[in-house]
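As structure tokens, the structure follows; a few thoughts come after it.
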Amino acid sequence: MLKSLKREDLLRLLETLAEQYDLQVPLKLPDGTRQLGRYGSGELSLCGPLLQRKPTSLLFPQAELLLSINPDGSVEQPHPAEKPLALFGLERSDLAAIAFLDRFFLCEPADDIYQGKRENSLLIGLTGFAGENSAYLPPAGENCDLELIATADGWLGCAYSAAGKTLLAPFPDSEAKERTEIDQRAAEPKTDSLLKAASRLLREDKVPDAFWQEIADRCILCTGCNLVCPTCSCFCVQDRIRDGKTERSRVWDSCQLDAFMREASGHNPLGTEALRTRRRIHHKLVADVERWGEIGCIACGRCDRTCPTGIGMFAVVEEMINQFG
Amino acid sequence: MTATLTTCPYCGTGCNFYLLSDDDGRLTGVEPAGQHPTTRGQLCVKGWNAHAFVDHPDRLAVPQIRRDGELQSADWQQALDLVHDQLQAIAEKHGPDSLMFLSSAKVSNEENYLLQKLARAGYGTNNIDHCARLCHSSTVTGLVETLGSGAMTNSLSCFDETELVFVIGSNTTEQHPLIGSRILQAKQRGAKLLVADSRKIRLAKHADLHLRQQNGSDVALLSGMMRQILRDGLEDRDFIAQRCENFAAFAEKLESYTPEYVAGITGLEPEQVIAAARLYAEADRAMIVYAMGITQHSHGVDNVRAISNLALLTGNLGKPGSGVNPLRGQNNVQGACDMGALPDVYSGYQNVADPEARKKFSTAWGCELPETKGLMSTHAIEAAATGEVRGMLILGENPMLSDANQGMVKKALERLDFLAVIDIFPTETAAFADVVLPASCYAEKDGSFTSTERRVQLGRKAAEPPGLARTDWQIICELLQRCGLKSDYQNPAEIMAEIAALTPSYGGISHDRLQGHGLQWPCPDKTHPGTPILHIDRCTRGKARFSPVDYRAPHELPDRDFPFLLNTGRSYFHWHTGSMTRRSHLLDREERFAFVEINPDDASQLAIFARQQVRISSLRGSITCRALVSEKVPAGQVFIPFHFTEGAANALTNNALDPESGIPEFKVCAVRIEPC
Ligand code: SF4
Ligand code: SF4
Ligand code: SF4
Chain C
1 MLKSLKREDL LRLLETLAEQ YDLQVPLKLP DGTRQLGRYG SGELSLCGPL
51 LQRKPTSLLF PQAELLLSIN PDGSVEQPHP AEKPLALFGL ERSDLAAIAF
101 LDRFFLCEPA DDIYQGKREN SLLIGLTGFA GENSAYLPPA GENCDLELIA
151 TADGWLGCAY SAAGKTLLAP FPDSEAKERT EIDQRAAEPK TDSLLKAASR
201 LLREDKVPDA FWQEIADRCI LCTGCNLVCP TCSCFCVQDR IRDGKTERSR
251 VWDSCQLDAF MREASGHNPL GTEALRTRRR IHHKLVADVE RWGEIGCIAC
301 GRCDRTCPTG IGMFAVVEEM INQFG
Chain Z
1 MTATLTTCPY CGTGCNFYLL SDDDGRLTGV EPAGQHPTTR GQLCVKGWNA
51 HAFVDHPDRL AVPQIRRDGE LQSADWQQAL DLVHDQLQAI AEKHGPDSLM
101 FLSSAKVSNE ENYLLQKLAR AGYGTNNIDH CARLCHSSTV TGLVETLGSG
151 AMTNSLSCFD ETELVFVIGS NTTEQHPLIG SRILQAKQRG AKLLVADSRK
201 IRLAKHADLH LRQQNGSDVA LLSGMMRQIL RDGLEDRDFI AQRCENFAAF
251 AEKLESYTPE YVAGITGLEP EQVIAAARLY AEADRAMIVY AMGITQHSHG
301 VDNVRAISNL ALLTGNLGKP GSGVNPLRGQ NNVQGACDMG ALPDVYSGYQ
351 NVADPEARKK FSTAWGCELP ETKGLMSTHA IEAAATGEVR GMLILGENPM
401 LSDANQGMVK KALERLDFLA VIDIFPTETA AFADVVLPAS CYAEKDGSFT
451 STERRVQLGR KAAEPPGLAR TDWQIICELL QRCGLKSDYQ NPAEIMAEIA
501 ALTPSYGGIS HDRLQGHGLQ WPCPDKTHPG TPILHIDRCT RGKARFSPVD
551 YRAPHELPDR DFPFLLNTGR SYFHWHTGSM TRRSHLLDRE ERFAFVEINP
601 DDASQLAIFA RQQVRISSLR GSITCRALVS EKVPAGQVFI PFHFTEGAAN
651 ALTNNALDPE SGIPEFKVCA VRIEPC
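Protein sequence lines, in the order shown, are assigned to chains C and Z. Residue numbering for the first sequence follows UniProt numbering, starting at 1 and increasing by one per position. Residue numbering for the second sequence follows UniProt numbering, starting at 1 and increasing by one per position.
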């Protein structure tokens with residue numbers, strides 16, 4: 001059942017959510033970009049371009065304390081959050097990324113830190129005419145608890161989980177009965193076909209080493225492509241001793257760094273920039289397909305935006321297809 | 001998650017990012033500013049890790065005073081009283097010029113301004129300087145003479161419009177990564193790239209022409225190129241006639257720099273010199289980009305003059321996509337110079353020897369000011385070693401690792417009657433201090449910073465300082481108050497108001513106006529939009545001046561006993577003396593060990609294998625570090641970054657100074673290598 005919401009209804013829904021959850025909503029930042037932040041802590045920016053900071057960083061932050069070991073050997077866990085998280089304002093790629101991370105972190109043995117945040121959390125999609133200058137964002141579907149779809153004159157609410165249904169219950173039914181009635185999504189976005197074509201080229205081994213060398217020569221090792229990627233899940237562990245207490249944290253890692261795979265002897269199975277560049281693309285387009293049955297890039301475009309030298313995923317994929325496709 | 005927009009604390013590119021913090025106030029990461037004109041949603045690896053050192057357990061959190069030979073905790077009152085009493089006692093007994101103040105290119109404009117005020121008005125000496133002495137003092141001296149302003153003439157956006165970039169003595173993708181990436185992008189869109197660097201840096205792989213001239217032979221190379229340009233008639237005659245002076249004397253000097261003569265000095269082929277001249281001069285809009293490879297020589301100022309001459313000769317000044325573009329290293333080295341943390345000028349390069357300027361500042365500050373220019377930092381260290389300088393206050397610098405000839409620096413610091421150090425970490429220099437004062441780092445304070453393109457922008461507080469640490473400006477205010485000077489500034493914005501009132505190029509700058517993307521100086525009044533390109537219709541000094549120069553060899557070249565040329569600098573993953581980056585997990589993990597780059601031919605001749613520990617010695621000292629066998633350095637040269645205390649490059653370097661700028665010859669000295 002679809003619900004119909006006016007702007008006031010939506011604001012009322014936010015108030016309700018904020019009572020029960022640690023509600024994170026898109027906020028407008030001083031330089032004009034948008035990112036998730038706590039409801040009430042800044043200017044709400046419901047619609048607009050892709051969120052600058054990947055929303056997955058709220059579930060898996062760049063630096064995160066895991067535990068502390070006291071001088072007497074006892075272990076302390078960080079205090080749990082008071083309320084579960086609610087992430088509001090996610091578009092289809094954001095939700096696909098969270099689904100991707102869920103599968104990785106929650107498969108056995110589950111990552112308890114991630115699980116602690118994800119359990120009881122609520123994901124709220126915001127799609128329809130909610131993009132930059134009211135651009136159309138395809139509906140997200142069942143990767144969320146509930147979805148709000150911007151139409152010309154209001155919002156359609158669509159619940160996918162019990163929690164989502166409860167939250168939408170107070171609002172009137174809409175005239176549209178099925179979400180598909182307003183779903184204008186093209187059969188398959190162009191990005192998907194590009195990724196598939198590139199994946200095929202790699203699996204068929206049509207891309208020579210010289211290509212990777214040429215791309216790698218343009219990489220300045222900023223690590224940005226990994227850090228902004230919502231499906232990158234690699235982290236390393238950092239220990240610091242403060243007043244006799246060991247603080248163990250995890251921090252985002254990057255496969256573009258030499259030390260990512262370097263062994264204590266100094267030997268490195270990914271010892272050249274060309275190999276590491278190849279891995280960055282290969283992992284998403286081949287290794288993930290082999291492991292999970294689907295491509296690991298959800299086509300958010302963040303790595304292309306953050307790569308200082310223009311060799312993000314789609315730039316590389318396009319060059320690869322041009323040269324070898 | 002809270003997001004605080006601020007300015008990167010590492011290089012002079014001036015990227016902006018958000019520091020993200022959690023509910024406990026702990027920093028959890030960095031996100032680049034998506035709309036900032038320099039940043040554009042992109043950062044280098046140091047920017048992406050700029051949160052990582054902030055809450056490191058090694059942060060200094062309480063003032064310390066040396067008692068019974070050991071640094072021990074003290075309270076602020078005691079520590080500040082002691083600093084003031086000691087400095088004042090030394091000034092009274094031995095004269096104010098027996099004191100030296102070292103300011104920092106890492107602290108804000110407001111803090112630099114206050115420290116030079118403290119030295120001049122508080123303790124009566126112009127003995128104030130900072131690490132620009134070690135990086136771009138040659139630029140300031142050289143370009144002030146030829147153009148009237150020592151700053152980058154153009155803006156970073158000019159890389160989008162240029163036809164050719166000539167990079168000489170700058171490993172841009174490693175040291176100014178977000179400028180290096182713009183150069184790579186310019187190359188991708190079809191601009192030409194000329195690289196002159198003895199090392200095979202990343203940009204060299206993309207260059208239309210890569211010249212591997214001998215370190216220290218730049219004047220010969222540039223003179224040879226200019227002679228060729230004149231012979232080919234590729235000079236810009238209108239520009240020379242209308243905008244320049246002293247052309248004839250300059251042109252005469254070039255005569256002897258034939259391609260063959262230049263080839264003999266530089267180790268290049270004569271044809272390469274000719275090709276480079278044509279490549280550069282045939283572009284309508286060409287940018288010269290340079291850094292330490294040009295400035296850090298005993299003839300650094302001459303190198304800068306030659307660069308300026310080349311731009312003038314081809315009319316590459318005062319228009320988009322052109323110019324003389326020294327890349328300033330530290331996030332605020334431009335600002336520290338602008339603020340007068342220099343021995344000869346007040347803020348805005350107003351000369352201490354000029355009675356008018358002195359009167360202006362002495363009226364504003366309400367006290368008499370010293371007339372004679374002060375000591376450069378490099379001379380001050382020498383003077384401390386001989387006992388002429390007796391008291392020193394060092395704010396956020398680490399000369400034990402950053403200055404040439406560590407043995408002499410150590411002697412100097414040991415000999416001081418009194419040393420006070422203000423810093424965020426217990427540095428190698430702080431180990432010699434009588435008093436150590438804990439400071440807030442960039443993430444824990446507000447203030448303004450000036451990037452290499454003269455963009456003044458804000459840094460904002462995102463976290464609380466550790467323990468009792470205070471901001472540098474608050475610490476300096478305590479000393480100003482003890483000197484009986486105005487010290488009741490409520491915040492850095494108030495300090496900036498005083499700076500603007502006294503500094504014409506910052507006249508229109510206020511913290512309110514710096515919200516957004518900042519302002520590029522000169523910004524003389526409250527409605528001025530800032531100045532992206534300098535010297536458009538006339539130069540700051542009026543006519544641009546051709547400054548004739550002759551090649552002079554480096555002070556110390558390889559010989560039989562010390563057969564290798566030692567080149568020093570930085571690596572991509574670490575910053576200067578490593579106090580921040582070696583405490584940032586990913587950066588430290590990437591480069592853990594002191595190393596020396598050595599060419600495979602040399603390595604095999606010396607039977608040195610990769611990652612082996614080797615001993616390197618010069619006339620001044622000896623260190624050990626790991627061999628990194630690499631084609632990056634040419635045969636006959638080795639390269640060592642100066643980040644590592646356990647293999648300190650500056651134990652080896654030569655403190656031969658440029659006679660005008662006082663910069664040491666970090667780029668050339670002679671060493672011997674042995675396997676250990
Ligand atoms: S577009 Fe880039 S950042 Fe986004 S999911 Fe794909 S690889 Fe990751
Ligand atoms: S974002 Fe681009 S430059 Fe940075 S590491 Fe990735 S590929 Fe290299
Ligand atoms: S390029 Fe410079 S300013 Fe930009 S992130 Fe890197 S170190 Fe910071």
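Even glycine gets a Cβ: it sits at the ideal position worked out from N, Cα and C. Please read all numbers here as calculations on a predicted model, not as lab measurements.
Give the C-beta separation of residue i and residue j to the nearest angstrom, bearing in mind that I take them to be a contact with Cβ-Cβ under 8 Å.
i, j, result
"residue 459 of chain Z", "residue 110 of chain Z", "The Cβ separation is near 10 Å, so there is no contact."
"residue 658 of chain Z", "residue 635 of chain Z", "Rounded, the Cβ-Cβ distance is 28 Å, inconsistent with contact."
"residue 208 of chain Z", "residue 169 of chain Z", "Their Cβ separation, rounded to whole angstroms, is 18 Å, which puts residue 208 of chain Z and residue 169 of chain Z out of contact at 8 Å."
"residue 181 of chain Z", "residue 308 of chain C", "3 Å"
"residue 594 of chain Z", "residue 639 of chain Z", "Not really, about 12 Å apart at Cβ, beyond 8 Å."
"residue 627 of chain Z", "residue 663 of chain Z", "Not really, about 29 Å apart at Cβ, beyond 8 Å."
"residue 332 of chain Z", "residue 46 of chain Z", "With a Cβ gap of about 15 Å, residue 332 of chain Z and residue 46 of chain Z do not count as contacting."
So what's residue i in DSSP terms, helix, strand or just coil?
i, result
"residue 59 of chain Z", "coil"
"residue 496 of chain Z", "helix"
"residue 544 of chain Z", "strand"
"residue 290 of chain Z", "strand"
"residue 477 of chain Z", "helix"
"residue 188 of chain Z", "helix"
"residue 228 of chain Z", "helix"
"residue 358 of chain Z", "helix"
"residue 375 of chain Z", "coil"
"residue 577 of chain Z", "coil"
"residue 643 of chain Z", "coil"
"residue 212 of chain C", "helix"
Mind pulling the chain Z residues with CB within less than 8 Å of residue i?
i, result
"residue 217 of chain C", "202, 205 and 206"
Which residues in chain C have a C-beta closer than 9 Å to the C-beta of residue i? List them in chain order.
i, result
"residue 51 of chain Z", "62 and 63"
"residue 28 of chain Z", "57, 61, 62, 63 and 64"
From which residue to which residue does the beta strand (DSSP E) around residue i run?
i, result
"residue 598 of chain Z", "595-598"
"residue 421 of chain Z", "418-423"
"residue 38 of chain C", "34-38"
"residue 18 of chain Z", "16-21"
"residue 241 of chain C", "235-242"
"residue 629 of chain Z", "622-629"
"residue 22 of chain C", "22-28"
"residue 212 of chain Z", "It is not in any beta strand (DSSP E) - residue 212 of chain Z carries neither H nor E in the DSSP assignment."
Residues of chain C with CB closer than 7 Å to the CB of residue i, please, in chain order.
i, result
"residue 611 of chain Z", "266"
"residue 45 of chain Z", "221, 222 and 223"
"residue 178 of chain Z", "308"
Exposed or buried, which one is residue i when buried takes at least 16 other CB atoms within 10 Å?
i, result
"residue 323 of chain C", "exposed"
"residue 584 of chain Z", "buried"
"residue 136 of chain C", "exposed"
"residue 73 of chain C", "exposed"
"residue 236 of chain Z", "buried"
"residue 451 of chain Z", "buried"
"residue 7 of chain Z", "buried"
"residue 292 of chain C", "exposed"
What is the residue span of the alpha helix (DSSP H) that residue i lies within?
i, result
"residue 93 of chain Z", "76-94"
"residue 247 of chain C", "Looking at the DSSP string, residue 247 of chain C is not in any alpha helix (DSSP H); the run it does join, the beta strand (DSSP E), is 245-252."
"residue 163 of chain Z", "Per DSSP, residue 163 of chain Z belongs to no alpha helix (DSSP H) and is neither H nor E."
Name the chain Z residues that come within less than 7 Å of residue i, Cβ to Cβ?
i, result
"residue 304 of chain C", "Within 7 Å Cβ-Cβ: nothing; residue 304 of chain C doesn't reach chain Z, min ~10 Å."
Quick one: which chain Z residues come within Cβ less than 9 Å of residue i?
i, result
"residue 140 of chain C", "Chain Z residues near residue 140 of chain C: none, gap ~22 Å exceeds 9 Å."
Give the residues of chain C in contact with residue i, contact being defined as C-beta atoms less than 8 Å apart.
i, result
"residue 464 of chain Z", "What residue 464 of chain Z touches in chain C: nothing, since even the nearest Cβ is about 16 Å away."
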